[in-house]
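Residue numbers (numbering that gives the first Met the number 0), protein chains in the order written: chain A, 0 to 192; chain B, 0 to 396.
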Amino acid sequence: MKNRYKKYDDLELAGIISQKNGESELAFKELYDRYSAVVHAYCYRVVGDYDQAEDVFQETFIKFYQYVDNRDNANVKAYLFKIARNVHYNTMRNKKPTIDLENVENFIQDYVSYDQQEMNELVLKSINLLNDEYKEIFVMREYSDLSYRDISELLQISEDNAKTRFFRAKQKLMTILKPYMQEYKTISLKERR
Amino acid sequence: METDRLIHDYIDGNISEGQEDELFNNLAEDSSLRADFKQQLKMTSAVHKDLTAYTPRAESTLNIFDKLGFAGAAVAPVVQKGFFARNSSAIISSVTSAAAAVVLTLLFLDPWGNSVHLDGQMNKFTNNVPWVKSNAINNNSNNSNIAQSVPEKIVYKYKYVYVNENSQVGELASSVPETKYIYEVSKSDLATNEMLMSRLANEKSNYGSLQPNLSPANSACDYFVDTYTIKDGRFSVEFGGAGYYVVNGGTMNPSQYQAMNNMNIAAYYKVTGDLAVGMDYRRENYYEKFQGTELSSTYQYEQNPNFQVVSLSARYEPKSLQFGMITPLVEASAGIPINHIGAGYVIRPIMAGIEIKPFKDFKFVAGIDYSILYYKQQTNYFTTNKFGVQLRAGWEF
């Protein structure tokens, strides 16, 4: 069965939801289908604690439904992230401490068997080693594909600043991963011989 | 600009043409830069494979919808539908197929044997060319052997025409190439059908095939034009549709073939009176649910594979159990998805149903169909199955 709400853009759907009538549920479901994955990725990777991330994720969409209004929220995707970010910072007052770079070596040594899946897993775990500032912009850009304009509005920084911060976040990740990458490369070469 | 930044901007999609040239020049000259480039690509690739992050827990979705007072339709939209809504696809496709078959049959296959094919060619002889009578004869009268051999059907089509001059008789013969016999008959012969058939049989035994009898050379006489075709009914074609239910739970929600899912076309050949073999093409959907592990987490996968399946089938239709126009049948088939060769195969161990033949050469088939899909996903085989109702319309020729 075709979903007739697919043809509506975000703003039109937000307008339908804000009317809170019989069509609101289906319009909400359509927006949920569009953005639940990227919002969840943000919550999951930025919050860190998985159960809390699920709470933030749920709270985000519930608040979105309650407060969405197409007159004030021209960018629905950015609005969702704004809610997610506010919920996160309001509910996570005790920030989860990040691991210092000095601990990275021990962290990496846990990996004995090297294959692509572990490589992927290592990258993902390395994201958790970033401080919150870098982690957040990395997730917003890399996971959720937010534009620099949206990011700059959400983080209250300039677009150039957002670009630079994202670049630095990736540099940090590269620094974390570099020893592992080199070892991975060496092992791969040995295996080929 | 530093090459690291250029690599970053390139992957990020924010690089000018000039910077891109600079980047690739640098990469061409420096292997360590190429290694860095690969490393960044790997990092991006790892992020995009982070399924855990992109997949909300099912209970989270349900909680959201529950708290908002919705019917929890987000995870697996199960809409309670009535019988017609649930089976509309199969019903519409079957009715459409049946209607198409009826129209085609009436147009081309002459189910009642009323031939009017010669009208256009005969008009030059007379503007009064009445078709007289048509009939169908089943030549095989050996009922005791009916289950062992395919009955031969001969359909006779003939017309009574009037020609004023003898010279026109030859023209009549040459202008109607499919005419096998042209018999002289008198109008009185037409009084009864029995007389006509007797005359026809007698003429055939005397002259054999393709021997027009053009005598006597009267200046004004009546002629009986006969064409006939032999139809043994060995071949048949069927169009149909089906409505299916998933046996192992779940709901089929196909991403392809939504409009005409589970449609099929099949051709059969009768090897004996009771047994036919055939080939079947269908577009069909399955539903499949399985568990897998990604990044140490177990996922419940659901998918709706869409296939175009070609199958070989065998149908057993015992004429000894025929009751009026209804004959029971069973069918088994096995096939492969031709749009995913090697991905799996389909077995239909049984379709049990009936054939209803309200008209000559035209039939309906209704049956309960059970189907199993063996599908290979990467290195693992998965199995899913479904059962449903098949409705078909077809004709023999």
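Ideal placement from N, C-alpha and C gives every residue a C-beta, glycine not left out.
Asked	Found
Contacts of Phe60/A in chain B (Cβ-Cβ under 7 angstroms)	Ile63
Reference Ala52/A; option with closest CA among Lys62/A, Lys19/A, Val86/A, Val75/A	Val86/A
Whether Ser310/B touches Arg347/B by CB criterion (8 angstroms)	yes
Environment of His398/B [buried if 16+ CB atoms lie within 10 Å]	Absent from the structure is residue 398/B, since the part of chain B shown begins at 0 and ends at 396.
Residue-level contact to chain B via CB, Phe56/A, 8 angstroms cutoff	yes
Of the residues Tyr373/B, Ile355/B, His47/B, Ile367/B, the one placed nearest Gly334/B, counting alpha carbons only	Tyr373/B
Three-way DSSP call (helix, strand, coil) for Asn305/B in this model	strand
Chain B within 8 angstroms of His39/A, Cβ atoms only	yes
CB contact below 8 angstroms: Ile14/B versus chain A	no
Chain A contact for Ala57/B (CB, 8 angstroms cutoff)	no
Residue interval of the beta strand (DSSP E) (run including Tyr7/A)	Premise fails: Tyr7/A is in no beta strand (DSSP E) and is neither H nor E.
First and last residue of the uninterrupted beta strand (DSSP E) at Met262/B	262–269
Leu274/B CB to nearest heavy atom of the ligand PLP below 7 angstroms	This structure does not include the ligand PLP; it has no bound ligands of any sort.
Leu320/B burial status per 10 Å Cβ neighbour count (16 or more: buried)	exposed
Segment contact flag, the segment 34–46 of chain A with the segment 34–54 of chain B, C-beta cutoff 8 angstroms, min 3 pairs	yes
Where Leu198/A meets chain B, residues with beta-carbon distance less than 8 angstroms	Nothing can be reported for residue 198/A: it is not among the residues displayed for chain A, which extend from 0 to 192.
The segment 14–27 of chain A contacting the segment 118–125 of chain A, beta-carbon criterion three pairs below 8 angstroms	no
Backbone secondary structure at Pro348/B - three-state DSSP	strand
Interfacial residues, the segment 149–167 of chain A to chain B, with Cβ spacing under 9 angstroms	Lys162, Phe165, Phe166
Glu287/B to Ser332/B span [Cα, whole Å]	21 angstroms
Tyr243/B and Gly387/B closer than 8 angstroms at C-beta	yes
Any C-beta of chain A under 8 angstroms from that of Arg282/B	no
Beta-carbon proximity check, Pro304/B vs Tyr285/B, cutoff 8 angstroms	yes
Residues near Val138/A by beta carbon distance below 6 angstroms, same chain, minus five either side	Tyr41, Arg44, Val45
Amino acids of chain B, ordered along the chain, whose beta-carbon sits closer than 7 angstroms to that of Arg44/A	Ala52
Proximity test, Cβ basis, 8 angstroms: Arg4/B and chain A	yes
Nearest-angstrom Cα separation, counted from Gly352/B out to Leu30/A	46 angstroms
Residue-chain proximity (Leu26/B, chain A), Cβ-Cβ < 8 angstroms	no
8 angstroms Cβ cutoff, Asn127/A in contact with chain E	Absence of chain E from the displayed structure is noted, the protein chains being A and B.
Inter-residue Cα distance where the pair is Asn130/A and Ile371/B	52 angstroms
Thr90/A, buried or exposed, once every other Cβ within 10 Å from all chains shown has been counted against 16	exposed
Proximity test, Cβ basis, 8 angstroms: Val46/B and chain A	yes
Simplified DSSP assignment, three categories, for Asn141/B	No answer about Asn141/B holds up, because its pLDDT of 38 lies below 50 and its placement is not dependable.
Three-way DSSP call (helix, strand, coil) for Gly242/B in this model	strand
Proximity test, Cβ basis, 8 angstroms: Asp49/B and chain A	yes
Proximity winner among Val75/A, Phe80/A, Gly47/A, Ala73/A, relative to Thr59/A (alpha-carbon distances)	Phe80/A
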